[in-house]
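Residue numbers (the working numbering): -17 to 119.
Quick reminder that beta carbons are idealized off the backbone N, C-alpha and C, glycines included.
Notes for the one structure printed next.
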Amino acid sequence: MNLTLIDAFARYGAKPSSRLSSLSAMAPDGAIVLNCLPAHFRHPTRGVLRYEATLSMVQAQAKDLGMLGEHLTHARDSRLPVRMVVKAAAPVTTASKGPGYHVRPDLLGKVVEFDGDHFIVDFTRPAPAPTAAVRRK
-17 MNLTLIDAFA RYGAKPSSRL SSLSAMAPDG AIVLNCLPAH FRHPTRGVLR YEATLSMVQA
43 QAKDLGMLGE HLTHARDSRL PVRMVVKAAA PVTTASKGPG YHVRPDLLGK VVEFDGDHFI
103 VDFTRPAPAP TAAVRRK
């Protein structure tokens, strides 16, 4: 799906601070929405999609990097969930002529490491909610 950055963040109810370059935002449910690049993903174990990067290597404006650092710290310290927005790997463009994005609402992330620069977010599929047993009389 080729969404604009604003539309991709909106899928989680979040509003990026910049329509072209936001790296993260807070969703109304308390989750952090993270703008991810495909090159930073890997699969360390079955069922885990890991996103690993360093702030010092991210090409972005200082205010966007500062906000990402604050969001990662908050998510780590408060154990907040992380939602994923992924920039298209291929040069796909949207109607606004910017890069395309897609979302993965089926995955939920957790900041497993953040030292102020290097960070790791592990995404997994949440366990299905238990179904209530139907009582028979």
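For T(-14), the number of other beta carbons within 10 angstroms of its own is at least 16, and it is reported as buried. The secondary-structure analysis by DSSP pairs A35 across a beta bridge with F101. P20 carries a helical assignment under DSSP once its states are collapsed to helix, strand and coil.
By the 16-neighbour rule on beta-carbons within 10 angstroms, M49 is buried. For the pair A(-8) and P63, the CB atoms are not nearer than the 9 angstroms cut-off.
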